[in-house]
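Report on the following structure.
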Amino acid sequence: MWGNSIYMYNTIQVEVRENIGIIKLNRPDKLNSINFQMVDELVKALEEIENNNSIKVVIITGNGKAFSAGADVKEMSETSLEYIIKKGHMPLWEKLRSFKKPIIAALNGVAAGGGLELAMACDIIIAAESAKLGQPEINLGIIPGAGGTQRLTRAIGKYRAMELVLTGKLISSREAEAYGLVNKVVPDNSLLDEAIKLGKQ
């Protein structure tokens with residue numbers, strides 16, 4: 005059972021502070037893009053947290069200047085379509101959907117594509133002042149494929165969602181807050197503290 009400590013994986017870092025589990029996406033040189041290894045490690049960490057009765061809340065954030073720029077497009081382009089369809093990132097989305105404890109997404113920077121979809125799969129989203137959010141998949145000739153079209157529409161309404169999906173533009177954290185996509189915007193240097201304070205409530 006985890007105590008108050010830091011646990012390193014290859015693509016994420018898990019820290020436990022009292023009854024809060026903090027998961028940091030840890031591929032800063034790749035803007036925390038989500039590869040298959042990160043999917044596996046996130047699922048494993050979430051399963052361990054879910055089975056730990058002393059951890060009541062989870063915070064997901066990023067190391068470096070991004071929350072997550074989305075899927076690792078290079079890795080996906082080198083992967084068979086059969087594998088992507090059969091597995092891909094689906095285990096992560098299924099785990100988040102069924103997860104029994106509250107999850108707070110703390111957006112420390114860019115949350116784009118699959119990165120924003122990861123945030124929207126959480127229960128509460130708070131963002132740093134400098135964070136940018138969007139679904140730029142159209143620039144690759146695809147649509148948000150991990151629940152983005154459904155969750156974004158439910159969060160901000162059809163017309164704003166269509167604008168973001170069809171233009172691929174990124175919006176500021178303040179715009180996202182005004183749209184109802186973000187619960188709260190906080191100064192960059194107090195993001196994690198604010199997330200922890202919220203988690204303790």
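Numbering (my numbering), first residue to last: 5 to 205. Just so you know, even glycine gets a beta-carbon here, dropped at the ideal spot from N, CA and C. Keep in mind the model is a prediction, meaning the values are calculated, not measured.
Chain C within 9 Å of residue i, Cβ atoms only
{"i": "GLN205", "result": "Given the protein chain composition of this structure (a single chain), no chain C is represented."}
Beta-carbon spacing of residue i, residue j below 9 Å
{"i": "ASP76", "j": "SER37", "result": "yes"}
{"i": "ILE129", "j": "VAL186", "result": "yes"}
{"i": "THR65", "j": "ASN112", "result": "yes"}
{"i": "LEU35", "j": "LYS69", "result": "yes"}
{"i": "GLU183", "j": "ARG164", "result": "In the sequence under discussion, the amino acid at residue 183 is Tyr, which differs from the Glu named in the question. Contact: yes."}
{"i": "ALA132", "j": "VAL62", "result": "no"}
{"i": "GLY203", "j": "PRO140", "result": "no"}
{"i": "VAL114", "j": "LEU137", "result": "yes"}
{"i": "GLY74", "j": "GLY25", "result": "no"}
{"i": "GLN41", "j": "ASN30", "result": "no"}
{"i": "LEU196", "j": "ALA125", "result": "no"}
{"i": "GLU179", "j": "LYS188", "result": "no"}
{"i": "LEU96", "j": "LEU46", "result": "yes"}
{"i": "LYS104", "j": "GLU51", "result": "no"}
{"i": "ALA116", "j": "SER176", "result": "no"}
{"i": "ARG21", "j": "ILE160", "result": "no"}
{"i": "GLU19", "j": "TYR11", "result": "yes"}
Which of helix, strand or coil DSSP assigns to residue i
{"i": "GLY25", "result": "strand"}
{"i": "ALA70", "result": "strand"}
{"i": "LYS104", "result": "coil"}
{"i": "GLN41", "result": "helix"}
{"i": "LYS60", "result": "coil"}
{"i": "TYR11", "result": "strand"}
{"i": "VAL47", "result": "helix"}
{"i": "VAL169", "result": "helix"}
{"i": "MET5", "result": "For MET5, the predicted structure reports a pLDDT of 48, less than 50, and the residue's modelled location is therefore unreliable. A value from the coordinates is still provided. In the structure shown, MET5 sits in coil (DSSP, three-state: anything other than H, G, I, E or B)."}
Residue i Cβ short of 8 Å to the ligand SAM heavy atom set
{"i": "ALA70", "result": "In the structure shown, the ligand SAM is absent, as is every other ligand, since no ligand is present at all."}
Residue span of the beta strand (DSSP E) that contains residue i, given as start and end
{"i": "ILE175", "result": "174-176"}
Which residues DSSP lists as bridging residue i, in chain order
{"i": "LYS204", "result": "For LYS204, which the question treats as bridged, DSSP gives no partner whatsoever."}
{"i": "ALA182", "result": "BP columns for ALA182 are empty, so no partner."}
{"i": "LYS188", "result": "ILE130"}
{"i": "ILE53", "result": "ILE53 is not bridged to any residue."}
{"i": "ALA75", "result": "ILE38"}
{"i": "GLU198", "result": "In DSSP, GLU198 forms no bridge with anything."}
{"i": "GLU19", "result": "ILE10 and ILE26"}
My parser needs the alpha helix (DSSP H) runs of 4 or more residues fully inside the stretch 109-166; what are they? 118-124 and 152-160
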